[in-house]
Amino acid sequence: MRRLPPRTLRGQLTAGLVTLLALACLAVGITTALALRGFLMGRLDEQLTASGGRFAASLEHEAKPDGDNRPDTRGQADSTFGARLLNGTIQAAVVDDTTDRPLSLSPTDHRVLARIPVDGHGHSIRLSSLGPYRVTAVHGEDQDTMITGLPLHPVEETVHRLEAVEASLFAAALVITGIAAALWVRISLRPLQQVTARAAEVAGLPLASGEIAMPGPLPDTDPRTEVGQVGSALNHMLGHVEDALTRRQASEERLRHFAADASHELRTPVANIRGHAELALRHHEPVPAQVRHALERIDGESQRMTLLVDDLLLLARLDAGRPLEREPVDLTLLILNAMDDARAAGPEHRWLLDLPEEPITVTGDAHRLQQAIGNLLANARTHTPPGSEVTITLTVGQADVLLSVSDNGPGIPEELQPEVFGRFVRADHARSRATGSTGLGLAIVHAVITAHGGTVTVISSPGHTTFRLTLPA
Ligand SMILES: Nc1ncnc2c1ncn2[C@@H]1O[C@H](COP(=O)(O)OP(=O)(O)OP(=O)(O)O)[C@@H](O)[C@H]1O
Ligand SMILES: [Mg+2]
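Sequential numbering from 134 applies to the sequence shown in this note's numbering.
Structure follows, in structure tokens:
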């Protein structure tokens with residue numbers, strides 16, 4: 134399997150450093166081995182030239198029938214090779230401490246020896262019985278050729294020795310450098326980890342809403358280092374983000390104030406319009422039917438507007454985090470009251486109750502909770518056909534109270550469900566306006582229950598819609 138290169142910057146830097154060092158070691162190793170070999174060869178050649186074919190010349194004596202049958206080995210280094218070439222025939226001998234063996238040469242050796250250029254320079258050859266040799270050939274006195282050779286194996290041995298020493302030294306250097314580089318890179322990149330951690334911290338913040346405590350700037354931002362530059366860029370960006378957040382928050386605040394002020398300001402004129410319409414309707418003198426109808430419309434619309442303005446004001450106040458009342462609320466009683474109202478408003482619906490024996494009490498704002506439950510029951514009444522069945526269930530869990538309102542009406546359109554708790558969200562705008570629905574009912578349920586520390590969810594399909602509220606017990 135192919136090993137993938139390390140992916141972290143730390144790994145890459147360390148691996149890069151070690152690879153470069155390994156290449157440098159290899160280059161140094163090869164160069165020194167070649168240089169040493171060249172130097173030793175040069176010395177060997179000098180030695181051969183100095184001997185000048187003396188040893189080979191002494192082989193002449195061997196040919197003499199009466200003579201001492203031994204070549205002159207005085208002053209010759211151990212393993213010196215000598216050969217004399219006369220008319221294509223070769224006599225050869227080697228200097229040896231232990232045996233004075235006459236050298237037997239193979240036909241290949243004969244060919245190799247005969248091919249050596251007679252130039253007095255060093256040449257490397259390999260003899261079958263002796264191994265690698267460095268030889269020179271010179272012309273003798275009686276048209277013969279003198280070949281002198283010295284073994285190459287001491288040179289090879291020295292070079293191999295050097296290579297072995299270098300290899301172990303370089304290996305140790307690579308291991309030590311690898312460890313040191315890993316540590317060093319780790320230390321130098323440590324500020325980068327801080328940058329990453331800070332960026333991740335900010336990325337995890339819920340920047341979209343509410344008041345946000347941004348983490349402080351990074352301390353290590355030396356502009357002379359790359360990591361410092363990254364840190365300083367991040368600090369810069371964090372500054373901008375913080376700035377934008379502050380502005381967003383201020384603008385949200387202004388908007389909330391505006392909504393609260395506007396709905397508050399609208400209350401008085403709406404109440405006045407309503408008061409005057411009622412007053413005019415109570416007039417005893419006969420009023421033309423058209424005028425009466427107009428007055429009745431004004432009265433009706435101003436009533437609706439009062440409700441709308443109240444809803445808007447409530448939402449604006451809840452948005453602004455205005456504290457709610459915190460008093461014990463008998464939830465069972467609240468539900469019974471809401472049920473009575475619902476029965477009166479929708480006598481054609483079937484209203485069912487499933488309450489525990491014991492009365493259930495929560496802490497909160499009775500008026501707002503009543504409003505929330507009333508909104509859910511109003512929805513179950515207005516968005517289902519007459520004859521539908523509506524069930525309220527109250528159960529007590531371990532830490533919270535669960536209230537659910539279910540009906541078997543047509544259900545909430547699927548595309549509406551994700552945003553059904555939004556403001557002014559309703560199924561059919563044109564029809565809704567005519568029927569007086571604004572789309573604020575569920576938004577108020579959501580805001581009230583959330584302000585109580587509870588949750589609201591809805592599950593809806595045709596024939597089955599359930600709103601589930603939880604409130605801390
Ligand atoms: N029980 C339900 N069955 C079917 N649809 C529902 C039900 N409850 C809510 N909806 C849908 O959700 C929309 C939003 O409800 P919401 O109570 O917020 O507004 P609304 O009832 O239209 O107006 P408002 O309550 O402000 O008078 C409704 O218009 C309706 O389409
Ligand atoms: Mg409603």
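Backbone N, C-alpha and C define an ideal beta-carbon position, used for all residues, glycine too.
Give me whichever residues DSSP pairs with residue i in a beta bridge.
{"i": "L260", "result": "G264"}
{"i": "E434", "result": "For E434, which the question treats as bridged, DSSP gives no partner whatsoever."}
{"i": "E656", "result": "As shown, the chain starts at 134 and ends at 606. That puts residue 656 outside it, with no answer to give."}
{"i": "Q224", "result": "R217"}
{"i": "G282", "result": "F214, V268"}
{"i": "V591", "result": "F600"}
{"i": "D540", "result": "V523, T598"}
{"i": "V529", "result": "V534"}
{"i": "G497", "result": "E460"}
{"i": "P605", "result": "D533"}
Starting from the C-beta of residue i, find all residues in its chain whose C-beta is less than 8 Å away, skip the five residues before and the five after it, and write them out in chain order.
{"i": "L412", "result": "none"}
{"i": "H272", "result": "V251, T278, M279"}
{"i": "G530", "result": "T603, A606"}
{"i": "T439", "result": "R400, V403, A404, R407"}
{"i": "V578", "result": "A505, N508, L509, F554, V589, F600, L602"}
{"i": "L154", "result": "A306, L307, T310"}
{"i": "Y266", "result": "F214, S257, I258, R259, L260, G282, L283, P284, L285"}
{"i": "H243", "result": "I223"}
{"i": "S262", "result": "L236, S237, L238, S239, D242"}
{"i": "S521", "result": "H482, R483, A513, D540, N541, G542"}
{"i": "R389", "result": "A449, D452, A453"}
{"i": "P356", "result": "Q362, S365"}
{"i": "G569", "result": "R437"}
{"i": "D432", "result": "R407, A410, E411, L414"}
For ligand 1, I want to know if residue i counts as a neighbour, meaning its beta carbon is within less than 7 Å of at least one of the ligand's heavy atoms.
{"i": "I545", "result": "yes"}
{"i": "D498", "result": "no"}
{"i": "A383", "result": "no"}
{"i": "R400", "result": "no"}
{"i": "R559", "result": "yes"}
{"i": "D540", "result": "yes"}
{"i": "G520", "result": "no"}
{"i": "V553", "result": "yes"}
{"i": "P549", "result": "The sequence given here has Leu at residue 549, not Pro. Within the cutoff, so yes."}
{"i": "G572", "result": "yes"}
{"i": "T517", "result": "yes"}
Leaving out five residues on either side along the sequence, give the residues of the same chain with a beta carbon under 6 Å from the beta carbon of residue i.
{"i": "L399", "result": "V442"}
{"i": "I406", "result": "S435"}
{"i": "T528", "result": "L535"}
{"i": "V227", "result": "F214, L236"}
{"i": "L575", "result": "V553, F554"}
Once you ignore the five residues that flank residue i on each side, which residues in its own chain have a CB closer than 7 Å to its CB?
{"i": "V151", "result": "L307, T310, G311, A314"}
{"i": "P348", "result": "R331, E334, V335"}
{"i": "W484", "result": "M472, A475, R476, V523"}
{"i": "L447", "result": "I577"}
{"i": "R170", "result": "V288, V292"}
Quick one: is the Cβ of residue i within less than 7 Å of any heavy atom of ligand 3?
{"i": "T598", "result": "With respect to small molecules bound, the structure shown includes ligand 1 and ligand 2 and not ligand 3."}
Any heavy atom of ligand 2 within less than 7 Å of residue CB: hits in chain order: N508, A511, N512, T515, S570, G574, L575
Three CB pairs or more closer than 8 Å across the segment 483–500 and the segment 455–468: yes
The segment 303–317 contacting the segment 339–353, beta-carbon criterion three pairs below 8 Å: no
Validate contact between the segment 543–555 and the segment 588–604 using beta carbons, cut 8 Å, 3 pairs: yes
Three CB pairs or more closer than 8 Å across the segment 208–219 and the segment 281–288: yes
Inter-stretch contact (C-beta, 8 Å, three-pair minimum) for the segment 514–528 and the segment 497–504: no
Segment contact, 8 Å Cβ cut-off, at least three pairs: the segment 283–297 with the segment 155–175: yes
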